[in-house]
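Terminal number for the sequence shown in this note's numbering: 525, no gaps in between.
See below for the structure under consideration.
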Amino acid sequence: MILANLLDDVKEILHAHGQYDQLANKDIYVPSIQVVQQNVYFILHKTATDNKIDKYLVVFENRLTVADFDALETLDDIDSTLLVTALTEHNNQALAKRFTWLRPTSRRQYKNTFGLGDRLGVASNAHLRLFKGRDVMPVLAQQSIREYTLTHRTATDVFQAASWAIFEEGFTYGWGADGDHVKAPYEIDYAIKCGFSMITLDCTDDINSDIANLSEAELDAKYNALDADQIKYFNDTYLEQTFEVANGVTVHFTKHDLQESVLTFFDAILFATEVFEKYIVPYNLDFEISMDETPYQTTPENHFFFAKEVAKRGVTPVTMAPRFYGEFQKGIDYIGDTTRFENEYIVHEAIAEHFGYKLSIHSGSDKLSVYEIIGRLSKQHGWHVKTAGTNWLEALRVIAHADAEFMLELYKFAYENLDDVKNFYHFNAQTNGTAPKPSEMNTTNVLTLLNNDDARQILHTMFGSILNLKHNFKYVYRDKFWDILLQNQALYDQFLNIHIAEHLDLLQGLVTTKAEALAKHEPKN
1 MILANLLDDV KEILHAHGQY DQLANKDIYV PSIQVVQQNV YFILHKTATD NKIDKYLVVF
61 ENRLTVADFD ALETLDDIDS TLLVTALTEH NNQALAKRFT WLRPTSRRQY KNTFGLGDRL
121 GVASNAHLRL FKGRDVMPVL AQQSIREYTL THRTATDVFQ AASWAIFEEG FTYGWGADGD
181 HVKAPYEIDY AIKCGFSMIT LDCTDDINSD IANLSEAELD AKYNALDADQ IKYFNDTYLE
241 QTFEVANGVT VHFTKHDLQE SVLTFFDAIL FATEVFEKYI VPYNLDFEIS MDETPYQTTP
301 ENHFFFAKEV AKRGVTPVTM APRFYGEFQK GIDYIGDTTR FENEYIVHEA IAEHFGYKLS
361 IHSGSDKLSV YEIIGRLSKQ HGWHVKTAGT NWLEALRVIA HADAEFMLEL YKFAYENLDD
421 VKNFYHFNAQ TNGTAPKPSE MNTTNVLTLL NNDDARQILH TMFGSILNLK HNFKYVYRDK
481 FWDILLQNQA LYDQFLNIHI AEHLDLLQGL VTTKAEALAK HEPKN
């Protein structure tokens, strides 16, 4: 790299006074340019021989302070020094000292927020370009521990990829980082040390889902086995009580409602309280409570009981995730009666507003049929929608466009090995049902896989198996997958933005039906 030429580029930036459209060096990524007095910072894109983009941070800063950065190359210029540096954690920390917006912030000051779990670590730039001007806060770093394992990434990897994308796109509007679906203290501690601003507590291990299978007699016996003072408190507070949570919206507790709520969720309430006091308050984190990991939907009584009991203990979540009526399966649209969903969402939304938090919609990817309802009915505290797997599926759309034969190979493997993931996901796709058979697919119809619900679920749930398959100590698919994706980053960005724009347009009321959302944006096939 010729540093003298880069120094000329820096001088050109300093004299451009913010008008960068005509910069001579087209490798300078213009959205990343930051000028502070006579100091200049930007990302340089260099196209490698394999058509991938190599990225470098260029810093021009007073030589008394520039030593904060680890440099690959340096060039002195009067009182300043020009550095070319790698996009490392150390250099990211040095940048964050200068630009506080590189660090995630609380969602509490934002009405509507949207989770973008980037499993592959190369989607955030495209997402940020879409979110500029949308008045929706993006939560970029959002991965579960299981997803770290399947993608061979760490919380640090996820956080750093998001933060570098923030700098590269000059996104100064605020963003979140979610330690997603953590269950144990060591997982929470790990997320905190990596810099995450939010914790989503997965209460699965403390929710007693087997209560739903008890007969009325068994339920009664188990409830009456509690301590007498506990029974008295619960009965006095809830039994046959009606609570008004909004004008005309009430929640009433029958004996069954009360007993089921107590026995199913009280352990989780105590766990959430412990986590809040030990981690959320001391580190000033945003708190989301996930109570949706149950085999049955969360009733309004379940939801109200949980919310009232944590509020009594001083717990103030920013978001809470009930399990709503219908099916929120991975990678496909909502399954269920949307009229009933709307009627029940009204009650859950009223409960959330009553206690001062927003609802969180998990497995929110592709649920186009209910976004308009969520956007229209969410009140003062707004909404939070979580997506993740859709990014993987859009990456596979790139593979299908760029190398149809390889895509057919991936689908055949996924179709034939679906049992690998049957214990991890709840989904309808079955290889003995309506899923396209690999023998029916060819290079002329391969793109239809990404528009077929069963095929989407098969490909979505098998992402870890595809990426991690090895033969003779070598990855079978991973390296080729990455080569194709990175060589076609612009196409990937295009597909990502089309798909997420459909989500946001419906949530923000810019369109009112799924058909309108799909028609508005350029087709991907």
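Even for Gly, the Cβ is constructed at its ideal location relative to N, Cα and C.
Beta-carbon gap between residue i and residue j smaller than 9 Å
{"i": "Q494", "j": "R134", "result": "no"}
{"i": "S378", "j": "M320", "result": "no"}
{"i": "I300", "j": "E260", "result": "Looking at the sequence provided, one finds Pro at residue 300 rather than Ile. Contact: no."}
{"i": "D68", "j": "A94", "result": "yes"}
{"i": "Y283", "j": "I192", "result": "yes"}
{"i": "E405", "j": "T448", "result": "no"}
{"i": "A4", "j": "L75", "result": "yes"}
{"i": "T338", "j": "H503", "result": "no"}
{"i": "I374", "j": "E288", "result": "no"}
{"i": "H348", "j": "P322", "result": "yes"}
{"i": "S290", "j": "Q329", "result": "no"}
{"i": "F324", "j": "F341", "result": "yes"}
{"i": "L258", "j": "Y233", "result": "no"}
{"i": "L467", "j": "H152", "result": "yes"}
{"i": "D118", "j": "A155", "result": "no"}
{"i": "F243", "j": "F304", "result": "yes"}
{"i": "E522", "j": "I498", "result": "yes"}
{"i": "L7", "j": "Q38", "result": "no"}
{"i": "P436", "j": "N452", "result": "yes"}
{"i": "T100", "j": "S209", "result": "no"}
{"i": "V370", "j": "G326", "result": "yes"}
{"i": "L450", "j": "A400", "result": "yes"}
{"i": "A529", "j": "M462", "result": "Nothing can be reported for residue 529: it is not among the residues displayed for the chain, which extend from 1 to 525."}
{"i": "A212", "j": "T264", "result": "yes"}
Nearest-angstrom Cβ-Cβ length linking residue i and residue j, presumed shorter than 8 Å
{"i": "A177", "j": "A123", "result": "In fact, because the Cβ distance is near 15 Å, the residues do not count as touching under 8 Å."}
{"i": "L116", "j": "V136", "result": "That pair is no contact at about 11 Å."}
{"i": "Y477", "j": "L410", "result": "6 Å"}
{"i": "V196", "j": "G174", "result": "A small fix is needed here, since residue 196 is Phe in this sequence, not Val. The Cβ separation is near 15 Å, so there is no contact."}
{"i": "V10", "j": "R98", "result": "With a Cβ gap of about 16 Å, V10 and R98 do not count as contacting."}
{"i": "V262", "j": "Y223", "result": "7 Å"}
{"i": "R456", "j": "I335", "result": "About 13 Å; that fails the 8 Å criterion."}
{"i": "H256", "j": "E216", "result": "7 Å"}
{"i": "Q487", "j": "D50", "result": "7 Å"}
Residue(s) in a DSSP beta bridge with residue i
{"i": "K358", "result": "T319"}
{"i": "R45", "result": "According to the sequence provided, residue 45 is His. The question's Arg does not apply to it. Paired residues: K55."}
{"i": "L83", "result": "V59 and T74"}
{"i": "S290", "result": "D202 and A321"}
{"i": "L116", "result": "T387"}
{"i": "D571", "result": "Residue 571 is absent from the structure shown; the chain starts at 1 and stops at 525."}
{"i": "F243", "result": "V251"}
{"i": "D34", "result": "In the sequence as displayed, the identity of residue 34 is Gln instead of Asp. Per DSSP, Y41."}
{"i": "I351", "result": "For I351, which the question treats as bridged, DSSP gives no partner whatsoever."}
{"i": "E327", "result": "I335"}
{"i": "M137", "result": "T113"}
{"i": "Y29", "result": "I43"}
Closer than 8 Å: residue i CB and nearest the ligand FMN heavy atom
{"i": "V182", "result": "In terms of ligand content, the structure shown is empty, and the ligand FMN therefore cannot be addressed."}
When the options are compared against residue i, the one with the closest alpha-carbon
{"i": "L64", "options": "T81, T100, K52 and E89", "result": "T81"}
{"i": "D54", "options": "Q38, E61, V84 and V35", "result": "V84"}
{"i": "Y190", "options": "Q143, F60 and E218", "result": "Q143"}
{"i": "Q34", "options": "T49, A48, F60 and Y56", "result": "F60"}
{"i": "H45", "options": "V30, Q38, V36 and N39", "result": "V30"}
{"i": "M407", "options": "E372, H381, W482 and D333", "result": "W482"}
{"i": "T273", "options": "D202, C194, E353 and Y334", "result": "D202"}
{"i": "G464", "options": "K422, L496, I498 and A501", "result": "K422"}
{"i": "K278", "options": "G18, A184, Y296 and N62", "result": "A184"}
{"i": "Q489", "options": "L14, N125, L450 and I28", "result": "N125"}
{"i": "L130", "options": "E169, L120 and R146", "result": "E169"}
{"i": "G382", "options": "R108, I28 and N51", "result": "R108"}
{"i": "C194", "options": "R146, P104 and Q230", "result": "P104"}
{"i": "L485", "options": "A48, Y41, L518 and K52", "result": "K52"}
{"i": "V315", "options": "L459, Y357, H181 and G18", "result": "Y357"}
{"i": "N112", "options": "V158, H384 and L150", "result": "H384"}
{"i": "T254", "options": "E240, A246, N247 and T264", "result": "E240"}
{"i": "L396", "options": "G433, E89 and N525", "result": "N525"}
Q | Continuous alpha helix (DSSP H) assignments of at least 4 residues falling wholly in the stretch 413-488 | A | Listed in chain order, they are 453-461, 463-468 and 478-487.
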